[in-house]
Amino acid sequence: MTVNEFETILHALGTNIVQAFVRLETFPQDEPISDERHATLIVMLCEFFVSLPKKLIEVLDALDGLDGSEVRKEWASPLQKAVIKRVADEVMAVTERRARLAQSDDFYL
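Sequential numbering of the sequence shown, starting at 997, is according to the numbering used here.
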């Protein structure tokens, strides 16, 4: 089977190679991968991270004194922690705004 054939099959299943890989890496093999609670999260993160390398390269190109050769594999863990913290902070902020809006007298269902 070629990669193109594999991608065609994945597309017919409503997914792509990146999402399939992330699902396999995220969920233990003995658990069902079709857990829909996390489906949108997987899709959103795949979209985010697939475009991230190109955008980071553009940022490095725009910064004086950084050409990308300074980047180290060891940066992955601290950057991952920073991204997770930022996402958690943003989710909490959205949740708090929704709660305030729901409690407001101006909010009608």
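Even glycine gets a Cβ: it sits at the ideal position worked out from N, Cα and C.
_DSSP three-state label for Pro1074, please._
helix
*the segment 1057-1072 touching the segment 1030-1046, judged by at least three CB pairs closer than 8 Å*: no
*Taking the continuous alpha helix (DSSP H) assigned at Arg1019, which residues delimit it?*
1013-1022
*asked:* Once the 5 residues before and after Thr1022 are set aside, which same chain residues still bring their CB inside 8 Å of it?
replied: His1034, Ile1038
*Cβ-based burial, Gln1076 [other Cβ within 10 Å; buried from 16]*: exposed
*Going by other Cβ atoms of all chains shown within 10 Å of its Cβ, with 16 needed for buried, is Gln1025 buried or exposed?*
exposed
*Taking the continuous alpha helix (DSSP H) assigned at Met1040, which residues delimit it?*
1035-1058
*Could you tell me the distance, in whole angstroms, from the CA atom of Thr1091 to the CA atom of Val1083?*
12 Å
*In three-state DSSP terms, what is Met997?*
coil
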